[in-house]
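Everything on this sheet refers to the single structure shown next.
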Ligand code: SAM
Ligand code: SF4
C-alpha cells in the first residue's frame with residue numbers, strides 16, 4: 045500500500061467518509077462564473093493541470109450558452125491535443141443477476157420478482173467468452189449482482205476462466221470487473237486472479253439521497269462502506285480503479301463536485317487518481333418507477349462530460365451502450381476514450397454471430413428487461429461500431445500492452461509522459477486494429493481500416509515506422525499479440 049499519511053486529508057481515519065455535503069454546497073452556491081475565469085481555467089487544463097474544486101465549481105456554474113460552448117471546445121481541444129483519435133473498445137459480460145440489495149433504480153433489485161435470476165455455469169461462461177472472442181473482442185468487464193454466490197473466490201475463478209478461454213485466434217487479454225465492494229482480503233483475492241480495473245460506482249455521493257435509493261437493511265445501504273471501497277482496494281494493492289456516478293439520482297452539480305473531491309482524496313492518500321471515470325445515466329429497467337426530477341438532459345450531459353475532461357485531464361473516460369449511437373459519437377469529441385460495443389446485457393446470450401449469419405452483422409434481439417439490468421440505447425454489433433469509428437478516422441483499439449507489461453496507470457502516462465502516445469499507444473492501437481481487420485472484419489470494413497491505418501502512421505514516432513510496418517506484415521502472416 046502506498047498510503048501517504050502526510051498528504052492525506054484524513055490521515056488517521058482511512059476508511060472514514062471524506063465527502064462533506066456542506067463543503068460541496070458551499071462551493072456550488074458561492075463560486076461565481078465570469079468569462080475571464082472560465083477562459084483561465086480552460087487554459088490551465090490545456091496546460092495539463094488538474095482543476096481544483098473551486099475551479100470545477102466555476103465551470104459547473106457557467107450557464108451562458110456561448111461560454112458553455114467554450115468549455116466544450118476546450119474539452120475537444122484537450123482530447124485532440126493529448127489523446128488523438130484512438131477509441132478503446134470493450135464488452136460487458138454479466139456473470140449473474142442474483143442480488144441481495146434493493147436499489148430502487150435497478151432491474152436486479154431483490155424485490156423485483158419479475159426478474160429471471162441466473163448465474164452462468166462454467167460451460168456457459170466459456171461459451172459466451174468464446175462467442176465474444178469470435179466477434180473480435182479482447183477486453184471484457186465482468187459484472188455481478190451482490191450475492192453470497194459471488195464471493196471473491198467465485199469472482200477470481202470466473203476471471204481466471206475467462207483468461208484461460210481461447211478460441212481460434214481469439215483471446216481475452218484484459219478482464220476488468222464491476223462488483224460489489226469487498227474487504228481488503230477479498231480485494232487481494234481478485235487481484236491475484238489478474239484483474240485489470242476494479243470498477244465501482246458510488247451511484248450518488250449525497251448521503252441522504254443514497255439512503256433513500258439503497259434501503260438501510262441491505263448491504264448496499266451502508267454509504268461509508270461503498271465510499272471507501274477504493275481505499276480498501278488500494279490497501280490490497282489494486283491501484284487501477286474506476287469511479288462512476290449514476291446520473292439522475294441527485295443534483296448533478298453535487299455529484300460532479302463530489303467525484304472531484306473523491307479524486308482529490310485518492311490522489312492525496314495514494315498518489316494515484318482514478319484510472320477511469322464512467323458516466324452511466326439512468327435508463328429504463330424492469331418495473332422502474334423513480335422520480336424524474338434529477339434526470340440529466342442531453343445538453344447538460346455533454347457539459348458534464350466536457351467538465352470532467354478538463355477537471356481530470358489524465359483519466360480514461362467511459363460512456364457505455366446505455367446511450368444512443370448518436371449521443372456517443374458526440375461525446376467522443378468531448379473526451380470519451382472508451383466505449384463498449386456489440387453489447388448484449390441478456391445474461392448468457394452472447395452467440396457465435398458469424399456462424400449463424402453474415403459476419404458481424406447481427407444485433408441483439410429485442411431486449412427483455414426481465415432478463416437484464418436496464419435498457420441499452422446502442423445495440424449495434426461490434427463490426428458496425430468499428431465501421432462508424434473508421435468512417436470518422438478514429439482508430440478502434442483493443443490495446444492491452446501496458447497492463448501486460450506491468451506499465452500500470454497507462455492513462456496517466458499517456459497524459460504525463462511526453463511522446464508516450466506516439467511511441468506506444470498509437471502503434472499498439474494500429475497493431476490491434478490490424479489483427480481485427482485480418483481476423484474478423486467484413487471486406488469493406490477491412491478496406492476502410494487499412495486506409496485509416498495508412499492515414500494515421502504519421503501519428504507514430506518516426507523511429508518506429510519501419511518496425512510497425514514489419515509487425516503489421518507479421519500479423520498478416522499469422523502472428524498475433526504483437527505490441528510495443
Ligand atoms: N451489483 C454491483 C453494484 O451495485 O455495485 C455491480 C454493479 S451493477 C450490476 C452495475 C451498475 O449499473 C450499477 O453500479 C449502477 O450504477 C448501474 N445501473 C443500475 N441500474 C441502472 C439503470 N436503471 N440504468 C442505468 N444504469 C443502472
Ligand atoms: Fe444489485 Fe447492483 Fe442492481 Fe443494486 S445496482 S440491485 S447491488 S445489481
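Numbering (the numbering used here), first residue to last: 45 to 528. Just so you know, even glycine gets a beta-carbon here, dropped at the ideal spot from N, CA and C. Source: prediction; values computed, not measured.
Bridge-paired residues (DSSP) for residue 221: Position 177 of the chain shown, counted from the start, is the residue given in the question as residue 221. According to DSSP, which records beta bridges pairwise, residue 221 is partnered with 186 and 242.
Cβ-heavy atom distance, residue 286 to the ligand NAP, below 8 Å: Absence of the ligand NAP from the depicted structure is noted, with the ligand SAM and the ligand SF4 being the only ligands included.
Segment contact, 8 Å Cβ cut-off, at least three pairs: the segment 198-210 with the segment 157-172: yes
Pairwise C-alpha distance: residue 225 and residue 269: Here residue 269 is taken as the residue at index 225 of the chain shown, counted from 1. Here residue 225 is taken as the residue at index 181 of the chain shown, counted from 1. Roughly 7 Å between the two C-alpha positions.
As assigned by DSSP and simplified to three states, the class of residue 206: Sequence index remark: in the chain shown, residue 206 carries index 162 (1-based). The answer is helix: DSSP assigns residue 206 an H, G or I state.
Cutoff 6 Å; reference residue 430; Cβ partners in own chain excluding five residues on either side: One-based indexing of the chain shown puts residue 430 at position 386. Answer for residue 430: 440, listed in chain order.
Near the ligand SAM: residue 264 beta-carbon under 8 Å from a heavy atom: By one-based count along the chain shown, residue 264 stands at place 220. Correct: residue 264 has its Cβ closer than 8 Å to the ligand SAM.
Beta-carbon separation (whole angstroms), residue 312 vs residue 346, contact threshold 8 Å: Position 268 of the chain shown, counting from 1, holds the residue named residue 312. Position 302 of the chain shown, counting from 1, holds the residue named residue 346. Incorrect: roughly 30 Å between the Cβ atoms, too far for contact.
Residue 339: first and last residue of the uninterrupted beta strand (DSSP E) it sits in: As a first step, residue 339 must be located in the chain shown, where it is residue number 295. Note, residue 339: premise wrong, no beta strand (DSSP E); not H, not E.
Buried versus exposed, by CB contacts within 10 Å (16 or more), residue 364: Walking along the chain shown from the start, residue 364 turns up at place 320. Flag for residue 364 reads buried.
Heavy atom of the ligand SAM within 8 Å of residue 145 beta-carbon: Here residue 145 corresponds to residue number 101 of the chain shown, with the count starting at 1. Result yes, Cβ under 8 Å from the ligand SAM.
Secondary structure of residue 490, DSSP reduced to three states: The residue labelled residue 490 in the question sits at position 446 within the chain shown. Three-state DSSP puts residue 490 in a helix.
Status (buried if at least 16 other CB within 10 Å, exposed otherwise) for residue 391: On the chain shown, position 347 is the one that residue 391 refers to. With a threshold of 16 other beta carbon atoms within 10 Å, residue 391 meets it and is buried.
Residue 460 burial status per 10 Å Cβ neighbour count (16 or more: buried): By 1-based counting over the chain shown, the position of residue 460 is 416. With fewer than 16 other Cβ atoms within 10 Å, it is exposed.
Proximity of residue 194 and residue 149 at Cβ, strictly below 9 Å: The residue labelled residue 194 in the question sits at position 150 within the chain shown. The residue labelled residue 149 in the question sits at position 105 within the chain shown. No, they are not a contact pair.
Inter-residue Cα distance where the pair is residue 484 and residue 394: Your numbering for residue 484 matches position 440 in the chain shown. Your numbering for residue 394 matches position 350 in the chain shown. Using only the alpha carbons, I get a separation of about 16 Å.
Simplified DSSP assignment, three categories, for residue 285: Along the chain shown, read from residue 1 onward, the residue named residue 285 stands at position 241. DSSP places residue 285 in strand when its eight states are reduced to three.
Range of the contiguous alpha helix (DSSP H) that encloses residue 307: By 1-based counting over the chain shown, the position of residue 307 is 263. Unbroken alpha helix (DSSP H) run through residue 307: 296-314.
Straight-line Cα distance separating residue 73 from residue 174: For the purposes of this step, residue 174 is identified with residue 130 of the chain shown, where counting begins at 1. For the purposes of this step, residue 73 is identified with residue 29 of the chain shown, where counting begins at 1. Using only the alpha carbons, I get a separation of about 52 Å.
Identity of the residue in 156, 113 and 108 nearest residue 417 by Cα: Taking the chain shown and counting its residues from 1, the one referred to as residue 417 is at position 373. Measuring C-alpha to C-alpha distances from residue 417 to each of 156, 113 and 108 identifies 156 as the nearest.
Residue 318 beta carbon near the ligand SAM (any heavy atom closer than 8 Å): Position 274 of the chain shown, counting from 1, holds the residue named residue 318. Not under cutoff, so the answer is no.
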